[in-house]
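Positions 1 to 1135 (the UniProt record's numbering) are the ones given, in order, by the sequence shown.
So the structure is just underneath, and the comments pick up after that.
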Amino acid sequence: MEFNKAQTSAITNEQSLVVIAAGAGSGKTRVLTERIMYLLEKAFHEPSSSIAATIEEVAAITFTEKAAREMKDRVRKRISEKEVLAQTEAEAAFWREQKELVERAHISTFHSFCQQLLGQYAMAAKLPPKIRIIDEVEAKQLKRDVLKKHLQDVEFTASAKEFFSYMSKDQFISTMEDIHASISELVIGEDAVLQLQADDMLHSQAEAVKEKQIKTVEAFHKAALDLIPQFPSAEGLTKAQAGHVDRLQEAFLSPPSPSGPNEYMDWLIGVMPKRTDKKWQEAIPALFQLFEEHWKPLKDDWKAVGGEVEIDEAASLLLGRFIDLLCDFHLAYKREKELRGVVDFSDLQQKAVSLLENKEIQEACQKQFRHMLVDEFQDTNRLQLEMLERINPSYRFIVGDTKQSIYRFRGANVRLMNELEQDAVEQENAEAIEMNINYRTCKPIIDGVNALFQSAMTDHITESYQTRYAALSANREAEQPDQKQMELLLLNKEETDEEAGSYEALAHRINEMITSQQPRVFKGESWQAPAFKDMAVLIPARTDLLKLERAFSKQNIPYTVYGGIGFYERQEIIDFLTLLRWMNRPFEDVYVLSLLRSPLIGLTMNDFVTIAKQKEATQSFADYLYQLSESMPQTGLADSSDLPAQQILDAALKLKEWLLNYVPFSIKGSPGETFDRMIKETGLVHSLLIQSNGLQKVKNVEKLIQMIEQSHLRSLEEIIHFIDERMALNDKEGEAEMERTEGDAVNIMTIHASKGLEFPIVYLPQLERSVQGDKGSVRFDAKLGIVWSLEEETDNLEARPKKLVTPGFELVKEAAGLESEEESKRLFYVAATRAKDYLVMIGNGDGAKKSWLHLIEEARDCGPLEDYITVVNEISEQLPHHAENHLYKGTELAAKKEVLYPLSVSEIMTFIHQPEEYYEKYVLGVNESRRLRSDADADQETRVQQVDPAVVGTLVHRACELRDYGFGAQEAVTEAMNYVDELNDTASVKVSYEQEVSELMETYSEAQQTELGTPVENEWSFATEIAGAEVIGEIDKVVERDGCLHIIDFKTNRIKRSGSEWLAVYDVQLYLYKMAYEQETGHTISTMSLYVLRDKEKPLHTIHVEEEKEVSIKKAIQRLVYLRKTNADLIDYIM
């Protein structure tokens, strides 16, 4: 085997600490394998060497179980090769012995390593030799059970009562769970929770805020002292400009000390100009720089950390009470685990670290594990590093890449890799090695990636959370070295169809590549035309997966969705649960229809319509089908026009058979035996086995049956409740390993699921997506402890709600925001480096600040990125793909979605409020202008003002979005006016629009912006299944305020007295937005509001959630779908 210089240096290195920064595609897995082989070879050929080791003396830690298995397989294969090539019988015997020991070798994940360690020293750890590990979902469920039981205790509830003024009981439970989990992951000590002290926390937070204040004003002070001497003389300046220069120069001759930050800030407000002036850029560039780059950020920072820091006694008492409740919960959870003989993943790490406090065990581990190799070190946490340090092996071999640290949500801490790299540089007997030759990606893409991320990241970190970028070198050339292999597709959001957007353009681009057979990709030993299976679409989250699938289906593009699919979202699991729910409630239509629609029976929506027509109006679907099975006609009569279709008759018979066999349900033998028998008798096993990856799907169902068996439940109602709770708690991406299917299909997966994979062609949509920051009004920080920002929940809209904010909340929130921004860059890097031969990046509209599109534009402005990318502004429409040899069958999920009836939010609103108008407009297609002619006054007003209300609405929405991106009020209006230029070049028309929009935007001031909350989403498009329809729309704004999410919809409608007049008109729209956002993201919306810009006194009008309203809207959607599919008449619509 050949290795490059850096790889060879790593493999043969004899320093006690070796830290390898392994760039994407640099061959780190080979290096880890060969490092182990090198140690084994030394053990045979040079047994006296201090570095020599047998396989029993080596521990190799990987990030996933799959990676551990692969490394074992590689080591086993290499040892077998050595055995074959052995020169003597003694050498062959040595390799045979090592091969036999491989199965018992410590090549595993951190969690598995901890489990082995605790099993080995079970007595010292005070654990049974064989402990049961509960997964994250079961741990959450157990915590929830403990908390719910506690809330039935009078004393506990009385102590918690005050918190219920700020959050619901469910939110309180979630908060306790989250904070307990954070402490268990971040603080060393099994009972660290019991050591928390409220006064110490608040004191630390207050000191941290003061330190932040001083640091913030000192940074400005230093910048001012550097820039003010660069001010020009008064000659040539305007009077106002000269005044600013003189005042600042004089003021900074004897400025106050920044060590008194609040006094300094008061003084500064008096001497700094009130507003900026673009003319300063030429006349006084140093003043412009001071104002824009230093004074503005300082004012923004000061809003969060400014003012005298005081510790409120009431806040201290409440925090102390929260800690007491947390301690009670911790002890109860601990007791419950001991009673059940289980530990969770955090216990494994904490107990292993505690075990290593024992000097004898520590020394035994040092002797046993002389070499510890750790892969993917950038994804480790503080506890895992502590365990490594306590074992303190003779040799530590650390491999990682800070640029690929993307698991912060699991507790990964990129700071640890940064610190260890620095240690390797500074310490003796240590070495830091950079492996940056990329063997995966062709040179034009590597050059482009370097240009992009040298701009986005830094070459010298000043903060420990930052990412240092070391340039990659390409080992592969493209087919034509001078050809660009990176494509940037920039779409105009205003010109893009709401339903299609970037996904439809992406689909057309894929078909264009297939048709043109370009770009060519390297397969085997030659460059060839691309196939669908050579392509991967990598998405940051599954939020818009439905839109992507719909665009692909429209273009007949075959695709498979991989990874990131939760266990309970798998179709085979859904089918099994559908059967269980029907068995439990066989006479309720919702469960009967679900079972009929499932692949087990497979009736269509048309069949349901047929049944609906043939049954009595008062008769349920269940009654009709069960009666039909009882009065089944004789053979040969099924063709009669009076009878339902044969598939409906067959379904009725099958239901009757299952009803007799499984209702009432009872466990016969063990639950496992009962359910195994049931899935075979109902045909579920057979239906799964004939599908692609059928055996894997059967195994998934058997896994769920095994979970039921372990629950020891025997009542079907309890079993379903048990599964529902696990589903509700299982909010993270599925951990199932990648299942790669055969056939020619585009790969769709999340970026997290793609880590470690590679594809000839990669597409990255959603470049404009904003950075997804941390959420939560109560958080835990390892240094500052528990912080919160709580607002009292009140029904009185006039009363000002009580707020409780700990001193450190804004600091923790700011730090989390900065870390999220940095991780977003790393996620982009991981995605871009999956591409081998061609990379397509797609942005729609203007990118949010810090979005990937924003990073690209910055790199284009200040570096050579432009030399490596082809910018495309439009894609030619392609005919849908036509498969020559076979018809591709899409995934079950995609096929299922084809039956949904598409409805816009506006359609549904019109149907509910004005069904007759709906019929005219959407069914008959009556021209809009004909229907509105009678409204002569409104029409006249529009003509006189030359202003179209629809255009005004678009401009205002655009201006509001720009304000959120940091534009000033007038800048936002001016930028939005570019839209008018495309409609009409008449100056008077533009002036009319600008006056109208400027007046409306006065209601959306900076203070009102801040009051609304932190923007989470702007112009959030969706296409979501609701009540049997595909509901399509776009939400103006989703904001986070006090840890809760709120929907804001801007309106420019005219009012008589108050904007609240429009709540009754738009309530349906707001509820649809809520249902769509919650369904697509899994996050809960607390309130929905109209922001009526013509209401100067009180623009924000909020409605609170009423469950009955949601139910009625869903029923209306179901009715509308039925009316549209049955071609109903006007009389049916208005009944």
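The beta-carbon is built from N, C-alpha and C at its ideal position, and this holds for glycine as well.
So residue i and residue j are supposed to be a Cβ contact under 8 Å. How far apart are they, rounded?
{"i": "T54", "j": "L40", "result": "7 Å"}
{"i": "P765", "j": "I869", "result": "With a Cβ gap of about 16 Å, P765 and I869 do not count as contacting."}
{"i": "R599", "j": "D575", "result": "The displayed chain sequence assigns Pro, not Arg, to residue 599. Confirmed, about 6 Å."}
{"i": "V146", "j": "E357", "result": "V146 to E357, Cβ: 28 Å. No contact."}
{"i": "T1052", "j": "L1093", "result": "6 Å"}
Here's a check: name, in chain order, each residue in its chain whose Cβ is nearer than 6 Å to the Cβ of residue i, leaving out the five neighbours to either side.
{"i": "G501", "result": "N844"}
{"i": "V1121", "result": "Y901, G1028, A1029"}
{"i": "A181", "result": "none"}
{"i": "S929", "result": "Summary for S929: the model assigns pLDDT 37, below 50, so the residue's position carries little reliability, and this model does not support an answer."}
{"i": "Q1118", "result": "A1027, G1028"}
Beta-carbon within less than 7 Å of residue i's beta-carbon, same chain only, minus the 5 sequence neighbours each way: which residues are those?
{"i": "P128", "result": "A122, G341"}
{"i": "A474", "result": "N438, T441, C442, K443, I446"}
{"i": "K140", "result": "E177, L729"}
{"i": "L962", "result": "A972, E975, A976"}
Give the straight-line distance between the Cα atoms of residue i and residue j, rounded to the nearest whole angstrom.
{"i": "R410", "j": "M272", "result": "45 Å"}
{"i": "E994", "j": "M176", "result": "51 Å"}
{"i": "E821", "j": "D1132", "result": "53 Å"}
{"i": "S526", "j": "T29", "result": "26 Å"}
{"i": "T986", "j": "I557", "result": "Low local confidence applies: a pLDDT of 48 at T986 is under 50, so the model's placement there is unreliable, with the coordinate-based value given in what follows. The alpha-carbon atoms of T986 and I557 are separated by roughly 45 Å."}
{"i": "T1102", "j": "G808", "result": "30 Å"}
{"i": "Q205", "j": "L811", "result": "9 Å"}
{"i": "S770", "j": "D964", "result": "11 Å"}
{"i": "A645", "j": "V609", "result": "12 Å"}
{"i": "V137", "j": "V871", "result": "45 Å"}
{"i": "G1059", "j": "V787", "result": "37 Å"}
{"i": "P1015", "j": "M1001", "result": "18 Å"}
{"i": "L227", "j": "F288", "result": "10 Å"}
{"i": "R78", "j": "E572", "result": "39 Å"}
{"i": "A976", "j": "A432", "result": "51 Å"}
{"i": "V944", "j": "V991", "result": "Residue confidence for V944 is low, a pLDDT of 38 falling below 50, so the modelled location carries little weight; the figure read from the coordinates is stated next. Taking the straight line joining both Cα atoms gives about 14 Å."}
{"i": "E709", "j": "W658", "result": "22 Å"}
{"i": "E569", "j": "A728", "result": "12 Å"}
{"i": "E91", "j": "E83", "result": "7 Å"}
{"i": "E917", "j": "D1129", "result": "13 Å"}
{"i": "A22", "j": "H1046", "result": "42 Å"}
{"i": "I20", "j": "E376", "result": "10 Å"}
{"i": "E434", "j": "A6", "result": "7 Å"}
{"i": "K889", "j": "I611", "result": "Reliability fails at K889, whose pLDDT of 40 lies under 50, so the model's placement of it is uncertain and no value is given."}
{"i": "L385", "j": "M201", "result": "25 Å"}
With a CB to CB cut of under 8 Å and the five nearest residues on each side skipped, what residues in its chain are close to residue i?
{"i": "H957", "result": "E1019, D1036, F1050"}
{"i": "E512", "result": "I875, S876, Q878"}
{"i": "K533", "result": "G743, D744, A745, V746, N747"}
{"i": "E717", "result": "N584"}
{"i": "K130", "result": "G119"}
Quiz item: Can you list, in chain order, the stretches of the alpha helix (DSSP H) that have 4 or more residues and sit fully within the region 743 to 808?
Solution: Every unbroken stretch of the alpha helix (DSSP H) spanning 4 or more residues and falling wholly within the region 743 to 808 is given here in chain order: 751 to 754.
Exercise. Only counting runs of 4 or more residues, tell me where the alpha helix (DSSP H) segments fall wholly within the region 569 to 654, in order along the chain.
Key: Qualifying alpha helix (DSSP H) stretches, in chain order: 571 to 584, 589 to 597, 605 to 614, 621 to 630.
Exercise. Evaluate contact between the region 848 to 860 and the region 249 to 258, counting only Cβ atoms and requiring at least three cross-stretch pairs below 8 Å.
Key: Under the three-pair Cβ rule at 8 Å, the region 848 to 860 does not count as touching the region 249 to 258.
Exercise. Taking only runs that begin and end inside the region 19 to 52, name each unbroken beta strand (DSSP E) of 3 or more residues, in chain order.
Key: Taking only runs of at least 3 residues, no beta strand (DSSP E) segment lies wholly in the region 19 to 52.
Quiz item: Can you list, in chain order, the stretches of the beta strand (DSSP E) that have 3 or more residues and sit fully within the region 800 to 879?
Solution: Fully enclosed beta strand (DSSP E) runs of no fewer than 3 residues occupy 803 to 805, 835 to 844, 869 to 872 of the region 800 to 879, in order along the chain.
Self-check item: At least three beta-carbon pairs within less than 8 Å, the region 450 to 458 to the region 801 to 816
Solution: Result no; under three Cβ-Cβ pairs closer than 8 Å.
Exercise. Determine contact between the region 1024 to 1043 and the region 1058 to 1077, defined as no fewer than three beta-carbon pairs at a distance below 8 Å.
Key: Of all C-beta pairs linking the region 1024 to 1043 to the region 1058 to 1077, three or more are shorter than 8 Å, placing the two stretches in contact.
Quiz item: Would you call the region 163 to 178 and the region 300 to 308 in contact, with 3 or more CB pairs under 8 Å?
Solution: Not touching, per the Cβ criterion.
Exercise. Take every Cβ of the region 11 to 21, pair it with every Cβ of the region 394 to 410, and state whether three or more of those distances are shorter than 8 Å.
Key: Yes: the two stretches touch, three or more of their Cβ pairs being nearer than 8 Å.
Quiz item: How about the region 662 to 675 and the region 695 to 706: do they share at least three Cβ pairs that are nearer than 8 Å?
Solution: Taking a contact to require three or more Cβ pairs closer than 8 Å, the region 662 to 675 and the region 695 to 706 qualify as touching.
Practice problem: Note down, one range per segment and in chain order, each alpha helix (DSSP H) of at least 4 residues found wholly within the region 175 to 245. | Solution: Entirely contained in the region 175 to 245, the alpha helix (DSSP H) runs reaching 4 residues are, in chain order, 198 to 227.
Quiz item: Using 8 Å as the threshold, is the region 408 to 428 in touch with the region 91 to 105, meaning 3 or more CB pairs across them?
Solution: With the cut-off at 8 Å, the region 408 to 428 and the region 91 to 105 do not touch.
Practice problem: Determine contact between the region 181 to 198 and the region 223 to 243, defined as no fewer than three beta-carbon pairs at a distance below 8 Å. | Solution: With fewer than three CB-CB distances shorter than 8 Å, the region 181 to 198 does not count as touching the region 223 to 243.
Quiz item: Do the region 143 to 158 and the region 323 to 336 meet, that is, are 3 or more Cβ pairs less than 8 Å apart?
Solution: Because the criterion of three Cβ pairs below 8 Å is met, the region 143 to 158 and the region 323 to 336 touch.
Exercise. Could you tell me whether the region 577 to 595 touches the region 620 to 634, using the rule of 3 or more Cβ pairs below 8 Å?
Key: The answer is yes - the region 620 to 634 touches the region 577 to 595, with three or more Cβ pairs under 8 Å.
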